[in-house]
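Chains as they are written, first to last, in the UniProt record's numbering: chain A, 1 to 490; chain B, 1 to 95.
Idealized CB from N, CA, C, for every residue including glycine.
For clarity, every value in this text was computed on a predicted model and none was experimentally measured.
For reference, the structure is listed below as C-alpha cells.
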Amino acid sequence: MSTERAAKLIQGTTGGWEVVVGLEVHCQVLSNAKLFSGAATAFGADPNSQVSFVDAAMPGMLPVINKFCVEQAVRTGLGLKAQINLRSVFDRKNYFYADLPAGYQISQYKNPIVGEGEVLIDLPGGEVARVGIERLHLEQDAGKSIHDQHPDHSFVDLNRAGIALMEIVTKPDMRSAEEASLFLRKLRAIVRYLGTCDGNMEEGSMRADVNVSVRKPGTPFNTRCEIKNMNSMRFIVQAIEYESRRQIDVLESGGTIAQQTLLFDTKTGETRPMRSKEEAHDYRYFPDPDLLPLEFEQSWVDEIAASLPELPDAKKDRFMAMGLNAYDALVLVAEKETAEYFEAMLAAGVDAKSAANWLNNEYFGRLNKAGLSVTEGPVSAAANAEIIKMVGENIISGKIAKDVLDIVWAEGGDPRAIVETRGLKQVTDTGAIEKAVDAVIAANPDKVEAAKLKPAMAGWFVGQVMKATGGKANPGTVNALIKARLGLPD
Amino acid sequence: MSVDKDTVRRIARLARLKIEEERVEPMMAELNGILDWIEQLKEVDVSGVEPMTSAVAHNLKMREDVVTEPNNADALMVNAPGGEDHFFVVPKVVE
Numbered sequence: 001m002s003t004e005r006a007a008k009l010i011q012g013t014t015g016g017w018e019v020v021v022g023l024e025v026h027c028q029v030l031s032n033a034k035l036f037s038g039a040a041t042a043f044g045a046d047p048n049s050q051v052s053f054v055d056a057a058m059p060g061m062l063p064v065i066n067k068f069c070v071e072q073a074v075r076t077g078l079g080l081k082a083q084i085n086l087r088s089v090f091d092r093k094n095y096f097y098a099d100l101p102a103g104y105q106i107s108q109y110k111n112p113i114v115g116e117g118e119v120l121i122d123l124p125g126g127e128v129a130r131v132g133i134e135r136l137h138l139e140q141d142a143g144k145s146i147h148d149q150h151p152d153h154s155f156v157d158l159n160r161a162g163i164a165l166m167e168i169v170t171k172p173d174m175r176s177a178e179e180a181s182l183f184l185r186k187l188r189a190i191v192r193y194l195g196t197c198d199g200n201m202e203e204g205s206m207r208a209d210v211n212v213s214v215r216k217p218g219t220p221f222n223t224r225c226e227i228k229n230m231n232s233m234r235f236i237v238q239a240i241e242y243e244s245r246r247q248i249d250v251l252e253s254g255g256t257i258a259q260q261t262l263l264f265d266t267k268t269g270e271t272r273p274m275r276s277k278e279e280a281h282d283y284r285y286f287p288d289p290d291l292l293p294l295e296f297e298q299s300w301v302d303e304i305a306a307s308l309p310e311l312p313d314a315k316k317d318r319f320m321a322m323g324l325n326a327y328d329a330l331v332l333v334a335e336k337e338t339a340e341y342f343e344a345m346l347a348a349g350v351d352a353k354s355a356a357n358w359l360n361n362e363y364f365g366r367l368n369k370a371g372l373s374v375t376e377g378p379v380s381a382a383a384n385a386e387i388i389k390m391v392g393e394n395i396i397s398g399k400i401a402k403d404v405l406d407i408v409w410a411e412g413g414d415p416r417a418i419v420e421t422r423g424l425k426q427v428t429d430t431g432a433i434e435k436a437v438d439a440v441i442a443a444n445p446d447k448v449e450a451a452k453l454k455p456a457m458a459g460w461f462v463g464q465v466m467k468a469t470g471g472k473a474n475p476g477t478v479n480a481l482i483k484a485r486l487g488l489p490d
Numbered sequence: 001m002s003v004d005k006d007t008v009r010r011i012a013r014l015a016r017l018k019i020e021e022e023r024v025e026p027m028m029a030e031l032n033g034i035l036d037w038i039e040q041l042k043e044v045d046v047s048g049v050e051p052m053t054s055a056v057a058h059n060l061k062m063r064e065d066v067v068t069e070p071n072n073a074d075a076l077m078v079n080a081p082g083g084e085d086h087f088f089v090v091p092k093v094v095e
C-alpha cells in the first residue's frame with residue numbers, strides 16, 4: 001500500500017482500519033427513444049405521457065432493441081478501456097414492485113455486453129490510483145413512485161420505465177470515501193465526454209449503490225453492506241464515512257457484520273437497514289425468451305472506437321505537454337465544458353500557460369463566487385482571450401486586465417473597444433512615465449535616501465508611480481526608470 | 001432434483017401466489033413429477049452443444065433511435081383503477 005493510501009486509515013481503539021469500497025453505478029443512456037420501445041426519454045414530461053404499451057407491459061407486447069443504446073454501451077465500454085463482448089444475453093430479473101409493471105426487469109446477468117476495464121483516478125498528492133471495472137451491462141430503468149401526494153396511495157409514473165441504463169460495476173478497489181467520490185467524478189467526466197450519459201445526479205441520470213466493508217490492512221475482505229440508491233456526491237461521502245465507522249465499532253466491540261442492504265437517511269446522516277427481507281434478492285434470473293442474444297461484428301466496434309473523442313486522461317497529458325502543471329491540467333479537464341472553453345481560448349491565439357493561469361486565477365474564481373458554471377458565465381472564451389492578448393501586446397497591464405474582465409463581466413462588450421474608449425491603454429510613452437517618476441522622487445526626498453541604503457524600497461516607488469498613472473504605466477518601464485534615477489543596480 | 005415443502009412455500013411467496021397449507025403437499029408432488037420428467041433429458045449427452053436460444057437462426061432485430069410513440073396516457077388509464085391526473089394509483093408502498 002502506498003504511503004498516501006496508508007494515511008487514510010481510520011483509527012479505532014484497536015488501531016488503523018482500511019475502508020474498502022466498490023460501486024455499482026447506474027447511468028441513464030443518452031438516447032431519443034427507450035431501450036426496447038419507441039417512447040421518448042425526455043426528463044420532466046407529463047406523467048405517463050412517454051409510455052408505450054411495451055413499457056407498460058401490456059400482454060402480448062414484444063421488446064425490440066434500440067441499436068443506438070447498444071452503440072452507447074459499446075462506446076462507454078471503450079471509454080473504460082474494457083473488453084467488448086460481441087455476444088451478450090438479456091435475462092429477466094424477477095421481482096415485484098409497483099413501478100415495475102412486467103414483474104421483471106430486462107437486464108444482463110451472466111453475459112454482459114462489456115467486461116473488465118479500468119478507470120484511473122488522480123489522488124490529491126499527485127499519485128494515480130487504478131479502479132478496476134468488473135463489467136457494464138444494459139438494462140431497463142423502472143418507473144417512478146411518488147409517495148407524498150396521498151395518505152394511503154402511491155402514484156406511479158412510467159415515463160422512466162424502459163429507459164436504457166448502463167450498470168457499471170467496479171471491483172472493490174477504492175480505499176476511502178474520497179477515492180469513491182474521485183472515481184464517480186472521473187466516471188461522470190468520461191461518460192459526459194463520450195456523450196453517453198448526461199451525468200446529472202440531481203435528475204437521477206446517474207446514481208450509485210455503494211458497497212462498504214472495513215478490514216485491518218493486509219487481511220482478507222470482511223462482510224460488506226450495500227447502501228442503495230445514492231444520487232449525491234456529498235451524501236455518498238457522508239454515508240461511507242458513517243458506515244465504515246459503524247462497522248469498525250461493531251467489530252471492535254466483538255460483534256460481526258451481517259451482510260445487508262442499507263438506506264442512507266439524509267436528515268440524520270445515518271445508515272439504516274431496509275425493511276424488505278433479504279429473500280427479495282432471489283431474482284430467479286433466466287434468459288428472456290422474447291429476445292435473441294445480442295450479437296454484432298468487431299468491425300462495428302472498430303468504427304465506434306474510431307469515433308471516440310479525446311478523453312480526460314489523454315487531454316490532461318496533452319495539456320501538460322503544452323507546459324501546464326498537473327494541477328492546472330486536472331482542473332481544466334475535469335469538466336468537458338471547461339476543457340472546451342480552454343481550447344477555444346487556445347484557438348483564439350493565446351498560449352496555454354497564460355490561458356490556464358488567467359482562468360484558474362481570475363475567471364474561475366469569479367464564476368465560483370457567482371455560483372455559475374463555465375457555460376453560464378457572462379464572458380466568452382474569445383473575450384477572455386482578447387484580454388490576455390492585450391497584456392501580451394503591452395496594451396494593458398496585468399492589473400488593468402482584471403479591471404477589463406470586471407467590466408466585460410458586468411456590462412459585456414468587446415474588451416479591445418472598452419480599453420480604447422475608457423482610456424485604459426498602458427502608458428508606454430517614456431516621457432510621460434519619466435514625468436511621473438520625477439514627480440514622485442521630488443516629493444519624497446527622505447524615501448530616496450532610504451532607498452539608497454535599502455534597494456528593496458524601489459518597489460514602493462513603483463507602486464506610487466503606478467498609482468499616479470492610474471495603473472496604466474508599464475510596470476517594467478517604471479521599474480527600470482526608478483532604478484536608473486535612484487542609481488540602483490538592475 | 002426435487003423440491004421440498006419449504007421450497008414450494010418459498011416459490012409461491014416469490015411469485016405472490018397464495019397457497020393454502022393443504023395444497024402444499026400435492027403441489028410438491030406435482031412439481032416433483034414435472035422435474036422428474038425433465039430429469040429424463042439428462043440421459044442425452046449434450047457436452048459440447050451450445051444451448052439453443054431460438055428455434056430460428058436469426059439475429060436480434062434492432063430499431064433506430066427514433067421516437068415513434070404518441071402520448072398514450074389516456075389509453076393507458078382505461079384499465080387502471082384510480083388513474084388520477086394520468087398517474088397509476090396503487091396502495092402505499094414506501095421504504
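Query	Result
Interfacial residues, the region 56-71 of chain B to chain A, with Cβ spacing under 7 Å	58, 59, 60, 61, 62, 63, 64, 65, 66, 67, 68, 69 and 71
Residue burial classification, residue 272 (chain A) (beta-carbon count within 10 angstroms, cutoff 16)	exposed
Neighbour-count burial assignment, residue 138 (chain A), 16 or more Cβ in a 10 Å radius	buried
Supposed close pair residue 76 (chain A), residue 163 (chain A) - CB separation, criterion 8 Å	Incorrect: roughly 15 Å between the Cβ atoms, too far for contact.
Cβ neighbour criterion (16 or more within 10 Å) applied to residue 22 (chain A)	buried
Rounded straight-line distance, which links the Cα of residue 392 (chain A) to that of residue 360 (chain A)	18 Å
Residue range of the alpha helix (DSSP H) that includes residue 453 (chain A)	445-453
Residue 37 (chain B), buried or exposed, once every other Cβ within 10 Å from all chains shown has been counted against 16	exposed
Spatial distance of residue 415 (chain A) from residue 191 (chain A) (CA atoms)	36 Å
Validate contact between the region 314-326 of chain A and the region 160-174 of chain A using beta carbons, cut 8 Å, 3 pairs	no
Buried versus exposed, by CB contacts within 10 Å (16 or more), residue 306 (chain A)	exposed
Own chain, CB closer than 7 Å to residue 244 (chain A), minus 5 neighbours either side, in chain order	10, 19, 212 and 214
Beta-carbon proximity list for residue 155 (chain A), same chain, < 6 Å, skipping 5 on both sides	146 and 149
Residues of its chain near residue 390 (chain A), where Cβ-Cβ distance is below 8 Å and the 5 sequence neighbours each way are ignored	396, 401, 404, 415, 416 and 419
DSSP three-state assignment for residue 331 (chain A), whether helix, strand or coil	helix
N- and C-terminal bounds of the beta strand (DSSP E) containing residue 104 (chain A)	104-107
Contacting positions in the region 27-55 of chain B - beta carbon closer than 7 Å to chain D	This model lacks chain D altogether, as its protein chains are A and B.
Interface positions of the region 105-133 of chain A facing chain B (Cβ-Cβ less than 7 Å), listed along the chain	none
Interface flag, residue 294 (chain A) vs chain B, CB-CB below 8 Å	yes
Cut-off 6 Å between Cβ atoms - residues of its own chain near residue 209 (chain A), not counting five sequence neighbours on either side	24, 226 and 228
Classification of residue 288 (chain A) by the beta-carbon crowding that lies within 10 angstroms, buried from 16 upward	buried
Among A:422, A:445 and A:283, nearest to residue 109 (chain A) - alpha-carbon criterion	A:283
Segment limits, alpha helix (DSSP H) that includes residue 71 (chain A)	67-79
Nonlocal neighbours in the same chain, by C-beta distance under 6 Å from residue 177 (chain A), ignoring five residues either side	237, 240 and 241
C-alpha distance - residue 193 (chain A) paired with residue 87 (chain B), whole-angstrom precision	36 Å
Within chain B, the residues that residue 210 (chain A) reaches when beta carbons sit closer than 7 Å	Near residue 210 (chain A) there are no residues of chain B at all, since even the closest Cβ is about 17 Å away, more than 7 Å.
Sequence-distant residues of the same chain with beta carbon closer than 7 Å to residue 188 (chain A), five excluded per side	199 and 206
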